[in-house]
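Down below is the structure, laid out as structure tokens.
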């Protein structure tokens, strides 16, 4: 397998860290920020659901699941770009 | 991955077929019992068949998967595909509290209860982005292994074991308690006996085959628990709304609930956010909502029985995919739970409250008889309904809202009857609850026994112990821990549910900062990490114990279930400050960190006082 030069290793880690911060932002937004507005969102109704309630009961959960699959693919792309993915 | 043994490879390649057949067989079994019921077989016999046949299947998987190899015993040979590891993690994760208790909490708490739904799912983002891939690359057997390798030896490892055991033992006690409740209810045997019946089931699964047996049993348990959870509420939704998709249709129920709440004069609405019992929105309730979410999420990413599941995938890439699958399988149950709560509330508002006492639906009486529901209109109602103790009814022959009591467990358990389904579905729900409790207990017991046998005995007491002896020690410890937990559970400690939530805060404060900073900040020093673990664990326990048992005032009104809100930052700050005050980690250690940050290549272990050799 290929050894990374120090420069490439650093570039790899900064890309990985960048993705990490993006994901943390998604986590923070759907875990906390959106629910701060629950009382206001509850004024909007979709299919009978008050929107603030819906976000905490389903909306954020769907965002969590989708973002994790997206993350797994994205990080794998980075691994392959730098040639550090595992050989099967 | 190469080097699969012949039989192992054949098994892994045919997983889809094997579990497909298993699912079909289970469906056939349920239909067979339904036919038996129609032919007049008694409910008790059906309950027995459900409990013993499902436990028998788990035990059979445990016996087939027995092993005497270290790699198989501790990490299932590291060849569990992402999808199946996701299912196993799902049932490892979802406990009796999720399966039976959560919908009931949502019924009672409304919006506030959604903190559990959010907290117990969002934590998987932290698992995937911060920890699991790197721990998988590290590639040893336990979470304390990582602390030992990263922080120079046995002191850090020992601190990790202490936190692990404090968090996991209370948790496993609650699971065994749950097994006892379900088994005693459906078998009609005493609680104490039921605890030990459940214990036998848990031990046969995990003792012979360790992680390998637990993995394949947990996949089987996931299939049963998700079927059992979805069927009753899907049918109820079809009956109430005409569409069998409860997750979409309970919006209608929420709308109706809101209208009825107005006529009944309920001040705190089901969907109202951040409000107190008087229905007034306020800061403290909002703060507690977010504090609980935060502690449960961070705790998710620090509970060793979950983290160790990602040691079993074939690669780092599959570890990441596996976390995504885990959350998907957990999501299926958690986004259904609020619909149970909404449909049950609608049923209560429409068909129970305001009815003549003599005209109450049948389920009120049958679940009241075993103390889960109370219709407390008459002055002597507590002679019929145990839950009515202390409730003053006005004896007008009509059930008012304040005369109605319901136990959280009743929501899921009574739904089959509310939906007018035959008893076989109630038995199915019991089998699902049992699967949820048993699978979580399996994972927790294994985490504790591995920490004791691998980290304490092998790493710290006798590093030259031969494989055979290590495996024997591990199995003996498993039995000892299980019996200790069963003994505590049989005492029925009253604070048991609170203790489960504490486990999250304890794990989050004690383990999360050391794990995350060990991977993401190279400057973290041995002393810093140990000081941080002690500080986080100490602050959290101090707040818990003083507020719970000595009546100390709450800080900013934060309930002690969320003590991690103070413990986690304390641990991060202490780790940071002490690390900067002490020497930076050696070049060797930095190379080690570099090597676990990259999926490919070897792990370059730094020499520590207990250098790892395999």
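Chains as they are written, first to last, in our numbering: chain A, -15 to 72; chain B, 19 to 632.
Every residue gets a Cβ at the ideal spot worked out from N, C-alpha and C, and that includes glycine.
At a Cβ-Cβ threshold of 7 Å, residue 550 of chain B and residue 527 of chain B do not count as neighbours.
Within chain B, no residue has its CB atom less than 9 Å from the CB of residue -2 of chain A, the nearest being about 11 Å off. Taken in chain order, the complete alpha helix (DSSP H) segments of 4 residues or longer contained in the segment 470 to 509 of chain B are 485 to 508.
Residue 618 of chain B belongs to the set of residues whose beta carbon lies under 7 Å from a beta carbon in chain A. The closest CA to that of residue 603 of chain B, considering only B:94, B:294, B:537, B:301, is found on B:537.
In this model, residue 409 of chain B and residue 457 of chain B are separated by some 38 Å (Cα to Cα). Within the segment 261 to 341 of chain B, the complete alpha helix (DSSP H) runs of at least 4 residues fall at 264 to 282, 301 to 318, 322 to 325. Judged by DSSP secondary structure, residue 371 of chain B falls outside any beta strand (DSSP E); it is assigned neither H nor E. In the three-state DSSP reduction, residue 34 of chain A falls in the strand class (E or B). According to the DSSP assignment, residue 119 of chain B belongs to no beta strand (DSSP E), since it is labelled neither H nor E.
Under a criterion of Cβ atoms nearer than 7 Å, the residues of chain A adjacent to residue 615 of chain B are, in order, -3. Contacts with chain A at 7 Å (Cβ-Cβ) include residue 289 of chain B.
Taking a cut-off of 8 Å for Cβ pairs, the segment 484 to 493 of chain B and the segment 343 to 351 of chain B do not touch, as fewer than three such pairs fall below it. In the DSSP annotation of this structure, the continuous segment of the alpha helix (DSSP H) that includes residue 57 of chain A starts and ends at 44 to 65. Under the Cβ criterion of 7 Å, residue 356 of chain B is counted among the residues facing chain A.
Chain order gives the chain B residues near residue 56 of chain A as 338, 339, 342, where near means a beta carbon separation below 7 Å. Here residue 71 of chain B is exposed. Its C-beta has fewer than 16 other C-beta atoms within 10 Å. Within the segment 25 to 36 of chain A, those residues whose Cβ lies closer than 8 Å to any Cβ of chain B are, in chain order, 26, 29, 30, 31, 32, 33, 34, 36. With contacts defined by Cβ atoms closer than 7 Å, residue 530 of chain B and residue 316 of chain B form a contacting pair.
Rounded to whole angstroms, residue 112 of chain B and residue 214 of chain B show a C-alpha spacing of 21 Å. Cβ neighbours of residue 438 of chain B within its own chain (closer than 8 Å, five residues either side excluded): 257. Residue 208 of chain B is classed as exposed because its beta carbon has fewer than 16 other beta carbons within 10 Å across all chains shown. Rounded to whole angstroms, residue 395 of chain B and residue 433 of chain B show a C-alpha spacing of 23 Å. In terms of Cβ geometry, residue 307 of chain B and residue 133 of chain B form a close pair [threshold 7 Å]. By DSSP's assignment, residue 391 of chain B forms a beta bridge with B:424.
An exposed status is given to residue 28 of chain B, since fewer than 16 other beta-carbon atoms sit within 10 Å of its beta-carbon. Taking all protein chains shown into account, residue 541 of chain B has fewer than 16 neighbouring C-beta atoms within 10 Å of its C-beta and is therefore exposed.
Scanning the segment 107 to 194 of chain B for uninterrupted alpha helix (DSSP H) segments of 4 residues or longer gives 120 to 127, 132 to 144, 150 to 156, 161 to 168, listed from N- to C-terminal end. By the neighbour-count criterion, in which a residue is buried when 16 or more other Cβ atoms sit within 10 angstroms of its Cβ, residue 65 of chain A is exposed.
For residue 68 of chain A, the neighbours in chain B by C-beta distance under 7 Å run, in chain order, 616, 617, 618. In this structure, the alpha-carbon of residue 453 of chain B lies about 38 Å from that of residue 23 of chain A.
Between residue 582 of chain B and residue 558 of chain B, the C-beta gap is smaller than 7 Å, which places the two residues in contact.
Annotated as proximal: residue 359 of chain B and residue 121 of chain B, with beta-carbon spacing under 7 Å.
Between the alpha carbons of residue 565 of chain B and residue 572 of chain B lies a distance of about 7 Å.
Counted as a single uninterrupted DSSP element, the alpha helix (DSSP H) harbouring residue 56 of chain B occupies residues 33 to 56.
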